[in-house]
Amino acid sequence: PHVLVLNGPNLGRLGVREPEIYGHASMADLAREAAGWGDELGLTVDVRQTDDESQLVGWLHEAVDARAHVVLNPAAFTHYSYALRDAAAQVTTSGLLLVEVHLSNPAARESFRHYSVVAGIATGTVAGFGFDSYRLALHALAHKLSA
Ligand code: DQA
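Start counting the sequence shown at 74; every next residue gets the next number (my numbering).
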């Protein structure tokens, strides 16, 4: 199975950006680790990041057309992008899995982070475990696909 691991705005700044919240490792580190986890799980993992909403919507359309499952960290778009939600909904309604992930636990932070417009159409959500949120999401995907 093919999995697109899609990351939204400011996540290209990982390692530099608010390290006390997001840690010291970079998006390149995440891409390398995620490829390794994918190998262990029999998943082909493709890690991407963009600051652009339109690009992220396009990648979700690509997932539907290519029959790829998705691990999605929508970053700040989580909290207000209905366009992203509508694109993500096409993934799950076409029978593919989509796991929403967050490095931090948005529910424990500012109130504007408490609501996710994506959560209601996701297969499930993993939040609060740093890079392990992605590892756990890939495990959950692999487990569900083999069930
Ligand atoms: C985030 C949480 C969001 O609230 C925030 O806007 C981000 C990162 C996370 O991974 O913890 O950019 O999605």
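Don't be surprised by glycine CBs; every beta carbon is placed ideally from N, CA and C.
Ligand 1 approaches Thr151 closely enough that one of its heavy atoms is under 7 Å from the residue's Cβ. Within 7 Å of the C-beta of Leu79 there is not a single heavy atom belonging to ligand 1. Distances between the C-beta of Ser99 and the heavy atoms of ligand 1 are all 7 Å or more. Close CB contacts of Gly111 within its chain, under the 8 Å cut and outside five residues either way in sequence, are with Val76, Thr117, Val118, Leu211 (chain order).
A Cβ-Cβ distance of about 6 Å is found for the pair His175 and Ser206, placing them in contact under the 8 Å criterion. Straight through space, the alpha carbons of Pro74 and Ala200 are spaced by roughly 23 Å.
Nearest neighbour of Gly88 by Cα position, chosen from Gln163, Leu103, Leu157, Asn80, turns out to be Leu103.
Here the C-alpha atom of Ala141 lies approximately 9 Å from the C-alpha atom of Leu133. Taken in chain order, the whole beta strand (DSSP E) runs of length 3 or more contained in the segment 74-113 are 75-80. Taking C-beta separations shorter than 8 Å and ignoring five residues to either side along the sequence, the partners of Asn83 in its chain run Arg90, Asp124, Ala148, Ala149, following chain order. Taken from the Cβ of Leu116, every heavy atom of ligand 1 lies 7 Å or farther away.
Shortest gap from the CB of Ser177 to any heavy atom of ligand 1: under 7 Å. Using a Cβ distance threshold of 8 Å, Leu157 and Glu126 count as a contacting pair. Ala200 sits in a strand when the DSSP states are folded into three classes.
In the DSSP assignment, Leu157 falls within the unbroken alpha helix (DSSP H) covering 155-166.
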